[in-house]
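Visitor: Residue numbers (the numbering used here): 481 to 684.
Glycine included, every Cβ here is placed at the ideal spot set by N, Cα and C.
Values in this document were obtained by computation on a predicted structure and should not be read as measured data.
Have a look at the structure that comes next, please.
In structure tokens form, the structure reads like this:
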């Protein structure tokens with residue numbers, strides 16, 4: 481049964497809906513079947529060691545609820561990337577991040593309604609208002625970055641950290657190896673990824 485790449489469910493011979501008890505029982509069966517001590521010769525032993533390594537890795541992920549939930553989310557097919565206009569991107573922020581609404585000062589919104597008539601004045605006032613707004617001590621909306629705690633469901637979003645929330649330990653270019661014990665989640669941009677570790681992992 482082992483030897484199916486990173487498909488840990490196939491490695492253990494269970495379905496994605498298997499209970500914790502079923503996963504544990506399947507691991508024991510595969511561990512007994514592929515234990516290197518039962519091999520007849522050097523070649524068989526090497527093959528058994530490779531199979532046992534796959535079985536142990538499958539159990540390490542599926543035997544822990546936190547790692548399993550992150551692994552299941554990572555296996556879901558990415559949602560279709562919707563092409564948007566520059567205006568949409570300016571309004572909704574950068575694709576692939578979890579942004580909260582950022583308030584816009586009323587003065588800026590009013591100036592944008594009058595068009596070219598007050599373009600020069602609008603630009604000057606807008607710069608002053610934006611500068612004051614950015615320096616007023618308000619924080620930008622949370623981003624999927626190292627140290628951020630996330631909630632995993634059909635999507636991933638930043639939430640306050642608790643003992644039960646997975647944590648992002650790294651973010652980088654898609655395809656970059658993640659730290660040991662974490663799972664890779666490729667963002668909808670398909671060029672970036674985050675590494676998510678189970679609850680209780682120090683955020684650094």
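(1) Check whether the region 661 to 677 touches the region 541 to 552, taking contact to mean three or more Cβ pairs, one atom from each stretch, closer than 8 Å.
(2) Under a three-way DSSP split, which group does residue 546 fall into?
(3) Buried or exposed, going by whether 16 or more other CB atoms sit within 10 Å of the CB of residue 489?
(4) Would you mind stating whether residue 551 and residue 663 have Cβ atoms separated by less than 9 Å?
(5) Taking only runs that begin and end inside the region 616 to 679, name each unbroken alpha helix (DSSP H) of 4 or more residues, in chain order.
(6) May I ask you to report which of helix, strand or coil DSSP gives residue 500?
(7) Buried or exposed, going by whether 16 or more other CB atoms sit within 10 Å of the CB of residue 635?
(8) Indicate whether residue 629 and residue 647 have their beta-carbon atoms separated by less than 9 Å.
(9) Within the continuous alpha helix (DSSP H) that includes residue 490, where are the two ends?
(10) Of the residues 659, 670, 644 and 491, which one's Cα is nearest the Cα of residue 535?
(11) Give me, in chain order, the residues of the same chain whose beta-carbon lies closer than 6 Å to that of residue 644; leave out the 5 immediate sequence neighbours on both sides.
(12) Out of 493, 500 and 498, which one is the CA nearest neighbour of residue 513?
(13) If distances are taken between C-alpha atoms only, which option among 666, 651 and 624 comes closest to residue 640?
(14) Quick one: residues in its chain with C-beta nearer than 6 Å to the C-beta of residue 538, no 5 flanking neighbours on either side, listed in chain order?
(15) Taking only runs that begin and end inside the region 507 to 540, name each unbroken beta strand (DSSP E) of 3 or more residues, in chain order.
(16) Residue 542: buried (16+ other C-beta within 10 angstroms of its C-beta) or exposed?
(17) Between 553, 501, 533 and 559, which has its C-alpha nearest residue 511's C-alpha?
Guide: Taking the definition as stated:
(1) yes
(2) helix
(3) buried
(4) yes
(5) none
(6) helix
(7) With fewer than 16 Cβ atoms within 10 Å of its Cβ, residue 635 is classed as exposed.
(8) Yes, the Cβ-Cβ distance between residue 629 and residue 647 is below 9 Å.
(9) 488 to 492
(10) 491
(11) 679
(12) 493
(13) 624
(14) 488, 491 and 492
(15) none
(16) buried
(17) 533
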